[in-house]
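Protein chains: 2
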Amino acid sequence: MPTLAEYIAQYIYRLLEQSERDYVDVRRSDLALKFNCAPSQVTYVLSTRFGPHSGFVVESRRGGGGYVRIIKLPVEDEFVRRLYHVVGDAIGHREALQIIGRLSEESLITGREAGMMAAIVGDGLSKVELPGRNTLRAQLMRAMLAALLRGME
Amino acid sequence: MPTLAEYIAQYIYRLLEQSERDYVDVRRSDLALKFNCAPSQVTYVLSTRFGPHSGFVVESRRGGGGYVRIIKLPVEDEFVRRLYHVVGDAIGHREALQIIGRLSEESLITGREAGMMAAIVGDGLSKVELPGRNTLRAQLMRAMLAALLRGME
DNA sequence: CCTGCTTTGACTATTTTTGACTAAAAAGTG
DNA sequence: CACTTTTTAGTCAAAAATAGTCAAAGCAGG
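Protein chains in written order, with the working numbering: chain A, 2 to 154; chain B, 2 to 154.
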């Protein structure tokens, strides 16, 4: 059963699909009204599901006529190489999954590869303690991305 | 006399049979209520009877709207399941590569997948110290094999 | 009475939802 | 224009809703 956060995200995805541009503008308070929730809930959805890791950028403006603009980033060359840098020295589970989702969405990896990568950064690390876990996860992600790059020649 | 664990397992088997999908979603707390036991009892049943070695995979999510998804794997994946056992609790680099080679030979994975897996058990672990390295490698291998099973529908 | 599977519960981890407070931009006023 | 008010959006921490972990206690068969 979907959560409110998912309903809101779905709604935004739909708006983006229907839009002719690569972005949509919404009013935070309108969404809150439409979904009968606190406005900060919208902010929550945006920050957990529409960050750069998922291939989006969010811009906004306050005051009268304020808005939130959700922009879907275009695919670029060197995409994987960029992600390599995004991973950095340490990365959390959620962010790693978003990067994998992005690779999958762009058809740079297959569904099965995505599943394997998700398993690596999830179950595969479940027994590793927290301080080092995120750095190890980053190392594994980089190793996988490097393997991808090698396999893409 | 069947144990509580058996009853719960039976119940899940039945749900799976009745489902049109190859999986069912349940709420851990609902099951605990239904069977009048501690929620962790459900976790116990899942981990003892619904692991990849028995032909199942379990996914879950915490927090609001959380759930547990029990997925029944197709029967014809006996081979991968056996490898899952071969991996065991700990495995060396050489052995891991042999298993990956075997998967590749049998065309159960692509060249790119093999490259990725090799990167994981090699470069990905280069910074991990030796005592734990082989157990971690085993865990990663098992996670990857489980993902493979999941992706083979 | 040992050994291993089962059951429980206290503690932990993760995700979502809400609300009080803060910050910024536009609109109104003198 | 300078100042105030109104309209938006952001932040952050607490509460709620789930699931996981682990060790200890319970129990059943050999």
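For each residue, glycine too, the CB sits at the ideal point set by N, CA and C.
Excluding its 5 nearest sequence neighbours in each direction, residue 102 of chain A has C-beta neighbours in its own chain below 7 Å: 55, listed in chain order.
In this structure, residue 144 of chain B sits away from residue 58 of chain B, with a CB-CB distance that is not shorter than 8 Å.
The beta carbon of residue 29 of chain B sits no closer than 8 Å to any beta carbon of chain A. Residue state for residue 90 of chain B is assigned as coil, using DSSP reduced to three classes.
Contact annotation: residue 149 of chain B and residue 138 of chain B have beta-carbon atoms that are not nearer than 8 Å. DSSP, read as helix, strand or coil, puts residue 22 of chain A in coil.
Between residue 23 of chain A and residue 75 of chain A, the C-beta gap is smaller than 8 Å, which places the two residues in contact. Residue 80 of chain B counts as exposed, since fewer than 16 other beta carbons sit within 10 angstroms of its beta carbon. When DSSP assignments are scanned along the segment 49-130 of chain B, the uninterrupted stretches of beta strand (DSSP E) that are 3 or more residues long and fall wholly within it turn out to be 57-62 and 68-73.
For residue 121 of chain A, the neighbours in chain B by C-beta distance under 7 Å run, in chain order, 121, 141, 144 and 145. Under DSSP, the beta-bridge partners assigned to residue 27 of chain B are B/69. At a cut-off of 8 Å between C-beta atoms, residue 130 of chain A does not count as an interface residue with respect to chain B.
Judged by beta-carbon spacing, residue 117 of chain B lies beyond the 8 Å limit of residue 107 of chain A, meaning their Cβ atoms are not closer than that value. For residue 136 of chain B, same chain residues with a beta-carbon under 8 Å away, outside a window of 5 residues either side, are 90 and 91 in chain order. Within 9 Å of the CB of residue 3 of chain A, the CB atoms of chain B belong to 66, in sequence order along the chain. Counting only Cβ-Cβ distances below 9 Å, residue 90 of chain A has no contacts in chain B at all, with the closest Cβ about 11 Å away. Taking a 10 Å sphere around the C-beta of residue 141 of chain B, we find 16 or more other C-beta atoms and assign the residue as buried. Under a 10 Å Cβ-count criterion, residue 6 of chain A is classified as buried, with 16 or more other Cβ atoms of the shown protein chains found around its own Cβ. In chain order, 125, 126, 128, 129 and 137 make up the part of chain A whose C-beta sits under 9 Å from the C-beta of residue 137 of chain B.
The beta carbon of residue 151 of chain B sits closer than 8 Å to some beta carbon of chain A.
About 6 Å separates the CB atoms of residue 9 of chain A and residue 36 of chain A; that is less than 8 Å, so the two are in contact. Burial of residue 99 of chain A is indicated by the presence of at least 16 other C-beta atoms within 10 angstroms of its C-beta. Contact annotation, residue 60 of chain B with residue 70 of chain B: C-beta distance approximately 5 Å; criterion of less than 8 Å satisfied. Residue 25 of chain B places its beta carbon 8 Å or farther from that of residue 32 of chain B.
In this structure, the straight-line span from the alpha carbon of residue 13 of chain B to that of residue 41 of chain B is close to 16 Å.
Spanning the alpha carbons of residue 119 of chain B and residue 45 of chain B requires a straight line of approximately 32 Å.
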